[in-house]
Amino acid sequence: MTREKTFLVSALSLIVLFTLVEPDETARYGIAMSLLFWTCHIGTGLVILYLASYWIRNKVTSKLSPLTLVSISGLIGAVICAPIYTWFDVIFPSVDKASMSWLSNKGQESTAWALLEEFTQMGPIFLASWFIMNIPLFTRKNTPYSNEKVEKTEQKSYNSQKENENKKVLLDKLPSVIGRDIVSVSSDLHYINIETAKGKALILGSIKAVAEVFQNEGIQVHRSHWVAYKHVSKLHINGDKAYCLTSTGSKIPVSRSKRKAVKDAFGTQILLSHTLSKSGSSHEQTYQHSG
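Numbering of the sequence shown is given in the numbering used here, commencing with residue 636 and proceeding in unit increments.
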């Protein structure tokens, strides 16, 4: 049952129950007036609790404990309800003056005393009901920011699952004879040319999709090329010319905009050597895979 249905069923059940039981407050009323009395009182209280519950759910990731949050929201709800219930007492007079308490008599003298009287009468019941409704919140074994952590964990799990599904879809398009050990991928209009350790295949797809799905296995070195980390044996940079030499002997071009990212990616996995020409005009960098 949804939260909305729970509140609605609770409200209707309590209204019917109090109408039929006929407590002192409505003993002298008929069924219709009694039903109206309890609909106003119970309906108002539950609506305010319902609104407070949304506030609680939005604030549950704060540093305040659930007990503190429920206490604060309950007190706020009781303060809001007090003047409303005081107004209901004017509309539905139900107590003889002879039976009034000292505080009730004071309430006849000023609005402030009337509000205080109403708060002392309905406050404890209101708070008790609010605490009972939030028992599930107290029983959670959560820490601050737990909801946020759960959401992030769930999102991460979903993303991982989606990534695996997309990866499987792409790999299933490859001919079984060339295997699934991808070395490099190059775009060709609406197609991608995939090279594996055993061969090549041209399938429908985009380099962007490959880079996203295989972001942990490799890097996009050019707007049209992607290469697997484990299959890069050498990174060669010489002036305008830069490429990755793969384990299959292919030279995958590296664009200028990607050079820094590529060097950072292979920085801890390759050895660096500098070769200067005799004139000193040429500066060549060769990164040899250390594995």
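C-beta: ideal position from N, C-alpha, C; glycine also.
Cα-Cα separation between THR903 and PHE849, rounded to whole angstroms: Translated into positions along the sequence shown, residue 903 becomes position 268. Translated into positions along the sequence shown, residue 849 becomes position 214. In this prediction, THR903 scores a pLDDT of 46, lower than 50, which makes its location untrustworthy; the coordinate-derived value is nonetheless stated afterwards. Taking the straight line joining both Cα atoms gives about 20 Å.
Burial state of GLU752 (16 or more Cβ within 10 Å): Against the sequence shown, residue 752 aligns to sequence position 117. Counting Cβ neighbours within 10 Å, GLU752 comes out buried, since at least 16 surround it.
Continuous beta strand (DSSP E) stretch holding ASP823: start and end: Working through the sequence shown from its first residue, we reach residue 823 at position 188. From DSSP, the beta strand (DSSP E) with ASP823 extends over 817-823.
Where the beta strand (DSSP E) containing LYS895 begins and where it ends: By 1-based counting over the sequence shown, the position of residue 895 is 260. First-last for LYS895: 894-901, but that is the alpha helix (DSSP H), not the beta strand (DSSP E).
Cβ-Cβ separation, GLY840 to LEU805 (assumed contact under 8 Å), whole Å: Walking along the sequence shown from the start, residue 805 turns up at place 170. Walking along the sequence shown from the start, residue 840 turns up at place 205. That pair is a contact at about 7 Å.
PRO888 - partner residues in DSSP beta bridges: Mapped onto the sequence shown, residue 888 falls at position 253. Note: PRO888 sits in a beta bridge opposite TYR878.
HIS857 vs VAL889 beta-carbon contact at 9 Å: Here residue 857 is taken as the residue at index 222 of the sequence shown, counted from 1. Here residue 889 is taken as the residue at index 254 of the sequence shown, counted from 1. In this structure, VAL889 lies closer than 9 Å to HIS857 by Cβ.
Beta-carbon proximity of CYS675 to PHE723, cut-off 9 Å: Within the sequence shown, residue 675 is the residue found at index 40, counting from 1. Within the sequence shown, residue 723 is the residue found at index 88, counting from 1. Closer than 9 Å, so yes.
Candidates LYS876, ILE666, VAL862 and ILE683, of which the one nearest THR831 by Cα: Taking the first residue of the sequence shown as 1, we reach residue 831 at position 196. It is VAL862.
Residue of ARG815, TYR664, PHE672 and LYS833 minimising C-alpha distance to LEU649: Taking the first residue of the sequence shown as position 1, residue 649 is located at position 14. Taking only the C-alpha atoms, the option nearest LEU649 is PHE672.
CB-CB length for GLY712 against TRP765, believed under 8 Å: Residue 712 sits at position 77 when you count from the first residue of the sequence shown. Residue 765 sits at position 130 when you count from the first residue of the sequence shown. That belief holds up - the Cβ atoms of GLY712 and TRP765 are roughly 7 Å apart, short of 8 Å.
Buried or exposed (CB count within 10 angstroms, at least 16 for buried), ALA763: Position 128 of the sequence shown, counted from the start, is the residue given in the question as residue 763. With fewer than 16 other Cβ atoms within 10 Å, it is exposed.
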